[in-house]
Amino acid sequence: MRYCLFASLMAGLAFAPGLQANIEPKNFDAAAKPQVDFYEFANGGWIRANPVPSAYSSWGAFNEVDEHNKDRSSPDFGERRQGGSSQPDRTAGR
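Residue numbers (numbering that gives the first Met the number 0): 0 to 93.
Have a look at this one:
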């Protein structure tokens, strides 16, 4: 069982040589001491650069991706988000 797991892991790594961790130094807070407050050290820069919008109680990278995808998903989706008609236009193309 261990051998199978190890072999699967190694095979996955062999086929994904381009994968790398994209750690952004600008997201760190160099003023915070990691031995005192590791969360602030690791995330302080990102937290300051990405404040929580007033319309939300929490915010993160996945929220940004979600908003980006919603805006790009279809041409009229932005209109629906703004309070336009949620029903498709069935007369289009007639």
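Every residue, glycine too, gets a C-beta built ideally from N, C-alpha and C. Everything numeric in this text was worked out from a predicted model, so none of it was measured.
Original post:
In or out: G44 buried (at least 16 other Cβ within 10 Å) or exposed?
Top reply: Under this definition G44 is a buried residue.
Subject >> Same chain only: Cβ atoms within 7 Å of P52, ignoring 5 sequence neighbours per side >> reply: Sequence-distant Cβ neighbours of P52 in its own chain, meaning closer than 7 Å and more than five residues away, are W58.
**OP:** Kindly indicate which residue of K69, R47, R71 and N21 has the alpha-carbon position closest to the one of D28.
**Re:** Residue R47 is the option with its Cα nearest to D28.
Original post:
Would DSSP call A54 helix, strand or coil?
Top reply: Here A54 carries a coil assignment [DSSP, helix/strand/coil].
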